[in-house]
Amino acid sequence: MANAVAEGRDLRVSPRWRDAQKRRERWIARLLLLAGLVSVLTTVGIVLTLTVDTVQFFQQVSLWEFLTDDKWTPLFTPKHFGILPLLNGTFLVAVGSALVAVPLGLGSAIYLSEYASDRVRRVVKPLLEILAGIPTVVYGYFALTYITPLLRRYIENLEVFNALSACIAVGVMIIPTVSSLSEDAMVAVPRSLREAAYALGATRLEVALKVVVPAAFSGIVAAIILAVSRAVGESMIVALAAGSTPKLTLNPLESIQTMTGFIVQVSQGDVGYGTVEYYSIYAVGMALFLVTLAMNLFARWVVRRYQEGVRA
Amino acid sequence: MGNAFEIRNLNVYYGQHQVLYDVNMNIRERAVTAIIGPSGCGKSTLLRCLNRMHDLQPGVRVTGEVRFKGRNIYDDDVDPMEIRYRIGMVFQKPNPFPKSIFENVAFGPRINGYRGNLNELVERCLRQAALWDEVKDRLHASALSLSGGQQQRLCLARALAVEPEVILMDEPASALDPISTAKLEDLILELKSRYTIVLVTHNMQQAGRVADETAFFLNGRLIEMGPTREMFANPREKKTEEYLTGRFG
Ligand SMILES: Nc1ncnc2c1ncn2[C@@H]1O[C@H](COP(=O)(O)OP(=O)(O)O)[C@@H](O)[C@H]1O
Ligand SMILES: [Mg+2]
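Chains as they are written, first to last, in the working numbering: chain Y, 13 to 324; chain D, 5 to 253.
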């Protein structure tokens, strides 16, 4: 008892020190909050700038024209500001590169998680990830100077600038996004599920396709959507290889332009500040932002819906 | 009655580490054989030799013979998929697929190209596993919505659906409450008229209740095997007696 009282008195000796400590803790919490806020504020800032300049754009061009006109020719007369050809180009590259990346990426993820020995995995995985580290400008030149000439040997009517070779290059670029994230999702599938399937006489392929892939489905969908958003946002490859001809076409052999491709093109040229061409970059940027946002929301929705189906 | 398995000079190594030593034993057809022994003595390892489950894990080496219906399942010309198809397994922790109850039971028949009426088969297996009445109104709900005991009976139904000749069970009740355990034991007794059952358990009472024969393992060696009642009443080996009387384990 006497001891406790003595200790109590000891504790009361340093109230000022404890106050200082509390203040320090509060400051650290504030600093950490600030660190988190930086990225939030940056995002907000970007969206605000985009919005302000987009509003400028729509004071000169009607939203109706922007959404329905089937020509995009802001750099020469007669000027047209229809986003559809650019959306079409982006869509073509997104779908085309997904057609390349999903089978190859999923295939390598299945190979790595279900077939490869540890030793092979340790070699192949980093090699695959190198693909993601190659600068996109290199991919762009590779597409233009290697893929296109190669394709032109077999496809006669392939234009020099064409969507196809951009799709292939972008597709290869996003393979690691598909494979790496899908493989993570597949490796996380418990071993006990695989054993359950093997014990029923399943082959390796059946285990992979009927147990592991479905169990990892939400992770795989997330991987694919992330990869496709990278394709949608990719600019250098499409600017170099796909040309700069905004066009409403689904023919990958022709020259096209994507939203990002247009932004690159205009940023390089000498477009006067405050002109409608200048503001059109922001309107296109805003459209791009909304497309990617919609994809992310869609991904979340798919993931949540699927998980509900599995859980409850 | 014949033997389902004849195990000869079986040795198993995990890398350099030997865990089973020269095991020789016969497992009778259409009977329940319990494998008992303290934790870590190699019970699961032995069980997984019987359907070549070790193939899936690199670094495991099996020598000796496991003859199933007279044929060594470790011969080169034996297809392990076929072995696993004929020898079902229920694991220690319930491991239903994250699919519907129906799809769990239908999985085996589907991958093995079953041509009959799948609905009837699923119902029959769920009835055999004493789960039908509890799930018949929600066959398409996720298997993960079931309780642990129900999940384990679902895993049993899933194993039964490929109509195996043998069912291997690795401490199937260890994650279950007493009521679910009792249900599972009743099921085992019912199933033994049609199936060969090998039951790993660390619970001697359980072995006493359901097993016709019992094999006692210690440190990777088979110490003693015989009819359960005889062995429990008059163990031949001193170590068996010590284990049965609870002096270690
Ligand atoms: N995958 C493994 N790798 C290495 N050692 C293992 C592995 N599985 C089990 N062992 C070892 O083998 C011995 C027997 O294990 P196990 O057959 O699981 O015993 P039991 O089922 O009787 O508890 C134990 O010493 C255990 O540590
Ligand atoms: Mg065990």
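C-beta atoms are modelled at their ideal positions from N, C-alpha and C, and glycine is treated no differently.
As the structure is a prediction and not an experimental result, all values here were calculated from the model.
The C-beta distance from I11 (chain D) to V27 (chain D) rounds to 6 Å, short enough to meet the 8 Å contact threshold. Collapsing the DSSP output to three states places P231 (chain D) in a strand. Distance from the CA atom of V109 (chain D) to the CA atom of T272 (chain Y), rounded to whole angstroms, is 50 Å.
The shortest CA-to-CA distance from A306 (chain Y) to any of Y:F274, Y:S241 and Y:S191 is the one to Y:S241. With respect to the C-alpha of A8 (chain D), the residue from D:F221, D:R240, D:A186 and D:I171 having the closest C-alpha is D:I171. Sorting Y:A295, Y:S109, Y:V67 and Y:V283 by C-alpha distance to the C-alpha of I186 (chain Y) places Y:S109 at the top. Beta-bridge partners assigned by DSSP to E69 (chain D): D:R12.
When Cβ-Cβ separations below 9 Å define contact, S125 (chain Y) makes no contact with chain D. Shown in chain order are the residues whose CB sits closer than 5 Å to a heavy atom of ligand 1: D:Y18, D:V23, D:S43, D:G44, D:C45, D:G46, D:K47, D:S48 and D:T49. Contact residues of the stretch 188-220 of chain Y toward chain D are P202, S204, L205, R206, E207, A208, A209, Y210, A211, L212, G213, A214, T215 and E218 (C-beta to C-beta distance below 8 Å). Annotation for A178 (chain Y): V105, A155, I249, V250, A253 and A254 place their beta carbon closer than 7 Å to its own, counting only its chain and skipping 5 residues before and after. Taking non-hydrogen atoms of ligand 2 into account, the C-beta of E175 (chain D) is found less than 8 Å away from one of them. DSSP places R225 (chain D) within a strand segment (E or B) once states are collapsed to three. Here G117 (chain D) carries a coil assignment [DSSP, helix/strand/coil].
Here E218 (chain Y) has A209 as same chain residues with Cβ atoms under 8 Å from its own Cβ, once five neighbours each way along the sequence are excluded. Along the stretch 193-224 of chain D, none of the residues has a CB nearer than 8 Å to a CB of chain Y. Residue range H21 to R32 is occupied by the beta strand (DSSP E) that includes R32 (chain D). Only those residues of the stretch 77-90 of chain D whose C-beta falls short of 9 Å from the nearest C-beta of chain Y are listed: P84, M85, E86, I87, R88, Y89 and R90. Under the three-state reduction of DSSP output, G48 (chain Y) falls in the helix class. Annotation: the continuous alpha helix (DSSP H) that includes G153 (chain D) extends over G152 to L164. In the same chain as D216 (chain D), and ignoring 5 residues on each side of it, the C-beta atoms closer than 8 Å to its own belong to R32, A35, V36, T37, K196, P231 and T232, in chain order. Of all residues in the stretch 59-76 of chain D, only L60 and P62 place a beta-carbon less than 8 Å from a beta-carbon of chain Y. The distance from the Cβ of S194 (chain Y) to that of G231 (chain Y) is about 7 Å, consistent with a contact at the 8 Å cut-off. Residue environment analysis places S267 (chain Y) among the buried positions, since at least 16 neighbouring C-beta atoms fall within 10 angstroms of its C-beta. Taking non-hydrogen atoms of ligand 2 into account, the C-beta of Q96 (chain D) is found less than 8 Å away from one of them. For D31 (chain Y), no Cβ of chain D is located within less than 9 Å of the residue's own Cβ.
With a threshold of 9 Å between beta carbons, P176 (chain D) makes no contact with chain Y. Shown here, N108 (chain D) sits in a helix according to DSSP, grouped into three states. In the displayed model, E217 (chain D) falls within a strand according to three-state DSSP. By the criterion of a C-beta distance shorter than 6 Å, F95 (chain D) is surrounded in its chain by D174, once the five residues flanking it on both sides are discounted. For L203 (chain D), the uninterrupted beta strand (DSSP E) run begins and ends at T200 to V204, by DSSP. Chain D places no beta carbon closer than 9 Å to that of A144 (chain Y), leaving this residue out of the contacts. Straight through space, the alpha carbons of L124 (chain Y) and C45 (chain D) are spaced by roughly 34 Å. The beta carbons of W84 (chain Y) and L62 (chain Y) sit no closer together than 9 Å. Residue range M248 to A253 is occupied by the alpha helix (DSSP H) that includes I249 (chain Y). Per DSSP, reduced to three states, the secondary structure at S26 (chain Y) is coil, with no helix or strand assignment.
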